[in-house]
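Engineer: So in our numbering, spot 179 of the sequence shown is number 288, and the numbers just go up one at a time. I have a structure here, written as structure tokens, and I will follow up with some questions on it.
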Amino acid sequence: MSIEVQNLTKIYGAQRALDNISFSSPKGMITGFLGPNGAGKSTTMRIAAGFIQPDRGSIRLAGVDVVKEPLKVKRMTGYLPEHNPLYLGMYVREYLEFVGGTYKLKKIKHKVGAMLTLVGLESEQRKKIGLLSKGYRQRVGLAQALIHDPDVLILDEPVSGLDPNQLVEIRKVIKKASEQKTVIFSTHIMQEVEALCDQVVIINKGKIVANDNVENLKKMQSGKISYKVAFEKEIDIGLFGDFEIEYREKAIYLVSSKTEDPRAQIMKIVSDRELPLVNISKEEQSLERIFQELTKGV
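Printed below as a string of structure tokens:
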């Protein structure tokens with residue numbers, strides 16, 4: 110079961126929300142779909158879930174065309190939209206039984222019970238959804254996306270509003286689900302991408318700007334190398350005028366655009382000025398910094 114996006118285009122008036130994008134996500138793989146606000150993430154996911162149609166191009170789920178067979182696609186897809194639409198006046202268990210009924214599931218009560226356990230909602234099952242915290246509402250939304258055991262999970266900001274403990278729990282649910290399903294999800298939390306994703310697709314202004322695994326993306330240097338330089342006390346940063354200088358986490362980061370290793374130059378400055386150096390280390394490109402570089406100018 111795979112997701113195959115081919116030459117997908119969607120236009121709203123004068124705005125080209127999606128501009129001829131293509132990518133694929135195989136079964137058993139979690140694909141992180143990243144991009145700044147307005148980049149085209151939610152539009153792509155809505156098309157994949159069969160809720161809106163593209164102007165050009167196609168999306169196929171296990172060979173099934175989303176446009177030509179939308180009902181078949183909906184039966185095989187679990188979808189959690191960005192703005193989690195729930196019936197706030199219904200009780201948690203009541204709502205999940207209602208959703209199961211729309212899929213004509215057998216042994217609904219048993220399946221709902223298993224789902225409540227999976228997403229950690231047993232203690233909340235007799236509460237009205239409108240009385241739940243945002244984190245628990247997200248769990249209800251995830252449960253409704255999983256209730257019919259879909260082959261494909263499309264999750265738009267599934268960890269939004271969760272506290273650190275809830276993040277860990279929902280991460281486990283998504284990871285377990287991915288063993289037998291294709292999962293594509295969007296998020297702005299880079300730690301979740303690194304913890305969960307086998308593949309990362311980054312979209313910017315309707316175009317795909319990166320499509321690779323996390324390890325390969327983090328090797329991207331964009332011609333720049335960053336070094337963390339720590340001193341015992343405050344120093345005159347003007348001494349390092351040949352470098353771009355950044356302040357992060359109470360440390361000085363010297364960014365070099367040179368291809369050769371600049372540490373000898375840094376050490377010469379330190380030695381000549383007898384600066385109280387504590388440590389110097391090469392910094393691995395973080396996924397967050399790569400994302401910023403690929404989407405800058407937005």
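Every residue gets a Cβ at the ideal spot worked out from N, C-alpha and C, and that includes glycine. The model shown is predicted, which means the values in this text are computed figures rather than measured ones.
Answer yes or no: do Leu205 and Gln247 have a C-beta to C-beta separation smaller than 8 Å?
Structural biologist: It is not a contact, given that the beta carbons lie outside the stated cut-off.
Engineer: When burial is assigned at 16 or more other CB atoms within 10 Å of the CB, is Met376 buried or exposed?
Structural biologist: With fewer than 16 other Cβ atoms from the protein chains shown falling within 10 Å of its own Cβ, Met376 counts as exposed.
Engineer: Would Gly198 and Gly239 qualify as a contact pair, given that the criterion is a beta-carbon distance under 8 Å?
Structural biologist: yes
Engineer: What's the C-alpha gap between Ser295 and Ser111?
Structural biologist: 17 Å
Engineer: If you reduce the DSSP assignment to three classes, tell me which class Glu355 lands in.
Structural biologist: strand
Engineer: Thinking Pro190 and Thr118 are a contact (beta carbons under 8 Å), I'd like their distance in whole angstroms, please.
Structural biologist: Wrong, their Cβ atoms sit about 21 Å apart, outside the cutoff.
Engineer: Under the DSSP definition of a beta bridge, which residues are partnered with Lys337?
Structural biologist: DSSP output for Lys337 lists Tyr362 and Ser390 as bridge partner(s).
Engineer: Under the three-state reduction of DSSP, which class applies to Leu56: helix, strand or coil?
Structural biologist: The displayed coordinates of the chain run from 110 to 407. Any statement about residue 56 would go beyond what the structure contains.
Engineer: What is the DSSP secondary structure of Asp258, reduced to helix, strand or coil?
Structural biologist: coil
Engineer: When the Cα of Lys337 is compared with those of Val309, Asn313 and Val387, which residue comes out closest?
Structural biologist: Val387
Engineer: Comparing alpha-carbon positions, which option in Leu170, Glu301 and Asn320 lies nearest Thr186?
Structural biologist: The alpha carbon of Thr186 has as its nearest neighbour, out of Leu170, Glu301 and Asn320, the alpha carbon of Leu170.
Engineer: Is Phe132 helix, strand or coil by DSSP?
Structural biologist: Three-state result, Phe132: strand.
Engineer: Given 8 Å as the limit, is there contact between the region 303-320 and the region 124-142, that is, 3 or more CB pairs closer than that?
Structural biologist: At 8 Å Cβ cutoff, the stretches touch.
Engineer: Quick check on the burial criterion: 16 or more other C-beta atoms within 10 angstroms. Buried or exposed for Val323?
Structural biologist: It counts as buried.
Engineer: Quick one: is Leu264 buried, meaning 16 or more other Cβ sit within 10 Å of its Cβ, or exposed?
Structural biologist: buried
Engineer: Enumerate in chain order the residues of its own chain whose CB-to-CB distance from Gln97 is below 6 Å, with the five nearest sequence positions on each side excluded.
Structural biologist: A query on residue 97 cannot be resolved here, the shown segment of the chain reaching from 110 to 407 and no further.
Engineer: Please classify His84: is it buried, with 16 or more other beta-carbons within 10 angstroms of its beta-carbon, or exposed?
Structural biologist: Outside the shown range of the chain, which is 110 to 407, sits residue 84, and nothing can be said about it.
Engineer: Go to Gly209, then tell me how far its alpha helix (DSSP H) extends in each direction, as first and last residue.
Structural biologist: Gly209 -> alpha helix (DSSP H) spans Val201 to Thr211.
Engineer: Exposed or buried, Val277, counting other C-beta atoms within 10 Å across all chains shown (16 or more means buried)?
Structural biologist: Around the beta carbon of Val277, a 10 Å sphere encloses fewer than 16 other beta carbons of the protein chains shown; the residue is thus reported as exposed.
Engineer: To the nearest angstrom, how far is it from the Cα of Asp321 to the Cα of Lys236?
Structural biologist: 42 Å
Engineer: Report back the beta-carbon spacing between Pro179 and Thr291 to the nearest angstrom; my notes put them in contact at under 8 Å.
Structural biologist: So it is not a contact: roughly 18 Å between Cβ atoms.
Engineer: Please say whether Met138 and Asp307 have beta carbons closer to each other than 8 Å?
Structural biologist: yes
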